[in-house]
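One structure is given below, encoded as structure tokens.
In the numbering used here, the protein residues as written are 36 to 259.
See below:
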């Protein structure tokens, strides 16, 4: 029994010494960085031969596509509710009427976000929006146009009591609305007709593309 115990103790000493030696032989630099090679795995490779996974993947793709299309449509609707003021100063009224109280002003180039369009008893079209102080305000749509990415080339002012805005650069074209004396407006293009008269392309809320035309002779250019 004593002999067996001595042999076990000697074996333990040898094992410990060997273990220590092995530990002493290991060289490990803790400053070294571990690197891994990352391989790209395609979804199609993962679902190959797995019909149920492929079906789910196709469903997710369709859902993503539908969501992207919905977002595009929502953005178009949002953009379509932006209006730009096309006259020097435009009164904001408390109701959709020229007889209602003036509660503020917007200036040419200002952009408003439409809440709704209101047509009053006189047939006038007004745009309802939130003013800077949070109140509901109304502005006459005749002096607004849809927001555009086009840059104006000049600013003109009306010099007669009433100036018709037409759908095309012609006296025979449909009248979209009118500007009055001293109204200021942005010009986006100058067009010459067959008689050699110059028409100014301006923003107009009554036109399908957001633009109309006025005769240049009845306006003066304002230096900016």
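Note that beta-carbon positions come from the ideal geometry of N, C-alpha and C, so glycine has one too.
Here the structure is a predicted model, which is why all the values come from computation and not from measurement.
CB-CB length for residue i against residue j, believed under 8 Å
{"i": "residue 198", "j": "residue 233", "result": "That belief does not hold up - the Cβ atoms of residue 198 and residue 233 are roughly 14 Å apart, past 8 Å."}
{"i": "residue 139", "j": "residue 172", "result": "6 Å"}
{"i": "residue 174", "j": "residue 125", "result": "5 Å"}
{"i": "residue 219", "j": "residue 190", "result": "6 Å"}
{"i": "residue 251", "j": "residue 245", "result": "Not a contact, Cβ separation roughly 20 Å."}
Three-state class that DSSP yields for residue i in the structure shown
{"i": "residue 103", "result": "helix"}
{"i": "residue 168", "result": "coil"}
{"i": "residue 251", "result": "helix"}
{"i": "residue 198", "result": "strand"}
{"i": "residue 91", "result": "helix"}
{"i": "residue 133", "result": "coil"}
{"i": "residue 116", "result": "coil"}
{"i": "residue 157", "result": "coil"}
{"i": "residue 177", "result": "helix"}
{"i": "residue 213", "result": "strand"}
{"i": "residue 151", "result": "strand"}
{"i": "residue 185", "result": "coil"}
{"i": "residue 219", "result": "strand"}
{"i": "residue 111", "result": "Caution is warranted here: a pLDDT of 43 is assigned to residue 111, below 50, making its placement in the model unreliable, and the coordinate value is therefore given only provisionally. Residue 111: helix per DSSP, three-state reduction."}
{"i": "residue 258", "result": "coil"}
{"i": "residue 97", "result": "helix"}
Residue environment, residue i, which counts as buried when at least 16 other CB atoms sit within 10 Å
{"i": "residue 162", "result": "buried"}
{"i": "residue 214", "result": "buried"}
{"i": "residue 194", "result": "exposed"}
{"i": "residue 177", "result": "buried"}
{"i": "residue 91", "result": "exposed"}
{"i": "residue 247", "result": "buried"}
{"i": "residue 131", "result": "buried"}
{"i": "residue 88", "result": "exposed"}
{"i": "residue 96", "result": "exposed"}
{"i": "residue 179", "result": "buried"}
6 Å CB neighbourhood of residue i in its chain, flanking five on each side removed
{"i": "residue 258", "result": "none"}
{"i": "residue 135", "result": "128, 129"}
{"i": "residue 253", "result": "195, 198"}
{"i": "residue 86", "result": "none"}
Beta-carbon spacing of residue i, residue j below 8 Å
{"i": "residue 148", "j": "residue 116", "result": "yes"}
{"i": "residue 168", "j": "residue 205", "result": "no"}
{"i": "residue 212", "j": "residue 226", "result": "no"}
{"i": "residue 187", "j": "residue 222", "result": "yes"}
Beta-carbon contacts of residue i that lie in its chain and below 8 Å, excluding the five residues immediately before and after
{"i": "residue 141", "result": "120, 124, 125, 127, 147, 174"}
{"i": "residue 165", "result": "148, 150, 171, 172"}
{"i": "residue 185", "result": "223"}
{"i": "residue 152", "result": "160, 161, 162, 163, 176"}
{"i": "residue 144", "result": "119, 120, 221"}
{"i": "residue 231", "result": "none"}
{"i": "residue 98", "result": "none"}
Proximal residues to residue i (C-beta, below 7 Å), its chain only, five neighbours per side dropped
{"i": "residue 242", "result": "202, 211"}
{"i": "residue 100", "result": "none"}
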